[in-house]
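Asker: Questions regarding the structure given below will be posed in turn.
Numbering (our numbering), first residue to last: 82 to 298.
Written out as structure tokens, the structure reads:
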């Protein structure tokens, strides 16, 4: 449903698929993605420039991405740019699966302010590799101004997939250190939902400035 705040009117828009879908905003407007049968990815763009003020979904990408998915070393953490901060907890008594009590201290260490630059066109590009059929891909969100979707591989690593070039990039582990502490592993086992932040104001972001400069040239 699209709601206009200027005239208090709304428009009901039929979704392009009956499969589970994901809505998001990217470079040209509103997109819808569907990931079904394990690795069949479809991406639609909502075209609202049609005649008579109608809108329609335009299929921008539709293919099996399994052949492009790489084999990953799940014990390896690549350098940047995926940065997570542990939650803050106080010391408390926990019990393991056998009922034995032990003390746990959860830390919340501040992350030093640094300048991180990730080249979403070139950094950490992976070569396709043969994968086992039991791999599981989950959809996380859209890049705010590139034709890129973010996926999680077995709820463990984050991948960026460019649907224009069919290139895959490894963004590292999705879990912070706290989540993969083997003594506490039974507490948190997987990511069940994501809420990617799409900034409304992009004026000072380096990639936005570079994109505007390229368009002016």
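We put the CB at the ideal spot given by N, CA and C, even for glycine.
1) Is it buried or exposed for residue 100, if we count other Cβ within 10 angstroms and need 16 for buried?
2) Would you grab the beta carbon distance between residue 37 and residue 219 for me? Rounded to a whole angstrom, and I think it's under 8 Å.
3) Which partner residues of residue 86 appear in the DSSP bridge assignment?
4) What does DSSP give as the partner residue(s) for residue 117 in the beta ladder?
5) If we ignore side chains and look at the alpha-carbon of each, how far apart do residue 254 and residue 144 end up?
6) Whole angstroms are fine: how far does the CA of residue 103 sit from the CA of residue 149?
7) Using a threshold of 8 Å, state whether the C-beta atoms of residue 147 and residue 120 are closer than that.
8) Classify residue 110: buried if its beta carbon has 16 or more other beta carbons within 10 angstroms, exposed otherwise.
9) For residue 123, which of 252, 240, 245 has the nearest alpha-carbon?
10) DSSP beta-bridge partners for residue 244?
11) Let's test the definition: count the other Cβ atoms within 10 Å of the Cβ of residue 87 and tell me whether it reaches 16, buried, or not, exposed.
12) Can you check which of these residues, 97, 228, 221, 229, is closest to residue 238 by C-alpha distance?
13) With distances taken from CA atoms, which of 92, 230, 136, 84 is nearest residue 116?
14) Around the C-beta of residue 91, are 16 or more other C-beta atoms found within 10 angstroms, so that it is buried, or is it exposed?
15) Can you tell me where the beta strand (DSSP E) with residue 106 in it begins and where it stops?
16) Using a C-beta cutoff of 8 Å, does residue 250 count as contacting chain C?
Answerer: Per the coordinate set shown:
1) exposed
2) Residue coverage of the chain in this structure runs from 82 to 298, which leaves residue 37 outside it and unanswerable.
3) Residue 86 is not bridged to any residue.
4) 121
5) 26 Å
6) 21 Å
7) yes
8) exposed
9) Looking from the CA of residue 123, the closest CA among 252, 240, 245 belongs to 245.
10) Residue 244 pairs with nothing; no bridge assigned.
11) So residue 87 counts as exposed.
12) 221
13) 230
14) exposed
15) Membership of residue 106 in the beta strand (DSSP E) is indicated by the continuous run 102–107.
16) Chain labels in this structure do not include chain C; a single protein chain is all it has.
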